[in-house]
Amino acid sequence: MRGILLTVLLLALLAPVGLLAEQQPQVTAQDVYDYINYTLEVSAQTRAVLLQAFHKGFEEGALAPERALSFLRRVNASGAPIELREQVLLTIADALLKSVPVEMLLSKVEEGLAKGRPMDEILAEIQERKLTLEGVKALFESKGFRAGIELQIGSATLTLSVELTGLVITDVAGALEDYVRSGKDPTDSFAVYQEVLLRLQRDRSIPPMLTEWVGANIRPEELGRIAQEIAARLREMR
Numbered sequence: 002m003r004g005i006l007l008t009v010l011l012l013a014l015l016a017p018v019g020l021l022a023e024q025q026p027q028v029t030a031q032d033v034y035d036y037i038n039y040t041l042e043v044s045a046q047t048r049a050v051l052l053q054a055f056h057k058g059f060e061e062g063a064l065a066p067e068r069a070l071s072f073l074r075r076v077n078a079s080g081a082p083i084e085l086r087e088q089v090l091l092t093i094a095d096a097l098l099k100s101v102p103v104e105m106l107l108s109k110v111e112e113g114l115a116k117g118r119p120m121d122e123i124l125a126e127i128q129e130r131k132l133t134l135e136g137v138k139a140l141f142e143s144k145g146f147r148a149g150i151e152l153q154i155g156s157a158t159l160t161l162s163v164e165l166t167g168l169v170i171t172d173v174a175g176a177l178e179d180y181v182r183s184g185k186d187p188t189d190s191f192a193v194y195q196e197v198l199l200r201l202q203r204d205r206s207i208p209p210m211l212t213e214w215v216g217a218n219i220r221p222e223e224l225g226r227i228a229q230e231i232a233a234r235l236r237e238m239r
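All you need for the working numbering is the position in the sequence shown, starting with 1, plus 1.
Okay, structure coming up:
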């Protein structure tokens with residue numbers, strides 16, 4: 002009997018905690034706009050660009066409000082000079098306005114801040130990586146790869162969502178960046194090609210048939226060209 006009473010008492014004590022967790026308000030796009038308007042330390046001109054960019058990102062489903070708000074708060078609290086913070090945010094905004102996936106860029110900023118890297122170094126890295134994302138996006142779109150279309154893969158079809166296209170472009174760009182930054186030969190196009198396919202194969206979020214499509218439609222020399230462009234930019238940054 003005592004055991005039953007203790008169990009009932011414990012459940013009664015825990016119930017409010019669970020209720021509070023369920024009632025935790027969800028972050029909305031308006032919460033992000035309010036933060037940009039009233040809390041974020043940026044110029045009026047930058048504020049206008051950010052509002053436009055994040056609105057576009059939310060409308061396209063490219064970025065969740067909760068993710069955006071967490072990132073903005075992290076940058077705002079970084080203690081870096083406001084000019085550098087603005088440049089970082091404008092780099093993200095430009096990517097959103099161009100419908101370029103931003104998760105890699107957000108992650109690299111957060112990773113750099115966590116490691117205590119200077120904001121100017123973080124800025125240089127995400128500006129370079131954004132060019133890689135743009136190059137991969139342009140290459141894939143030239144092959145008919147964009148959100149909303151149906152890809153014919155053998156006898157099957159696959160409708161591309163914004164999330165899925167973003168994942169593929171991010172994985173490919175990330176594989177290219179890692180390959181070059183690790184010191185491997187960017188002129189070895191076939192090795193670059195294999196590295197990209199391996200990254201896609203290891204990502205369980207990407208259907209195997211989509212990796213098959215990439216292997217059949219993207220040529221090694223096309224990926225090699227982007228790898229060589231990355232290498233050239235990195236040499237200039239040193």
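Just so it is clear, CB atoms sit at the ideal spot from N, CA and C, and this is done for glycine as well.
Under DSSP, Ile154 forms a beta bridge with Ala157. Taken in chain order, the whole alpha helix (DSSP H) runs of length 4 or more contained in the region 56 to 136 are 66 to 77, 83 to 98 and 104 to 115.
Distance from the Cα of Ala63 is smallest, within the candidate group Leu52, Ala94, Pro102 and Gln31, for Pro102.
The criterion of a C-beta distance shorter than 8 Å is satisfied by Thr188 and Gln229. No residue range can be given for Gly184, since it is assigned to no alpha helix (DSSP H) and is classified by DSSP as neither H nor E. The three-state secondary structure of Asp32, taken from DSSP, is helix. The region 150 to 162 and the region 211 to 221 touch, with no fewer than 3 CB-CB distances between them shorter than 8 Å. Rounded to the nearest angstrom, the Cβ distance from Glu164 to Arg130 is 20 Å, too far for a contact under 8 Å. Taking a contact to require three or more Cβ pairs closer than 8 Å, the region 105 to 112 and the region 65 to 76 qualify as touching. Taking 8 Å as the upper bound for CB-CB distance, Leu51 and Ala94 are in contact here, some 5 Å apart. With a 10 Å radius around the Cβ and a threshold of 16 neighbouring Cβ atoms, Arg205 comes out exposed. Taking the C-beta atoms as reference points, Ser183 is found no nearer than 8 Å to Gly225. Residue state for Ser143 is assigned as coil, using DSSP reduced to three classes.
With respect to Leu73, Asp121 sits apart: the two C-beta atoms are not nearer than 8 Å.
A straight-line Cα-Cα distance of about 28 Å links Val76 and Tyr180. Taking the C-beta atoms as reference points, Gly149 is found no nearer than 8 Å to Leu159.
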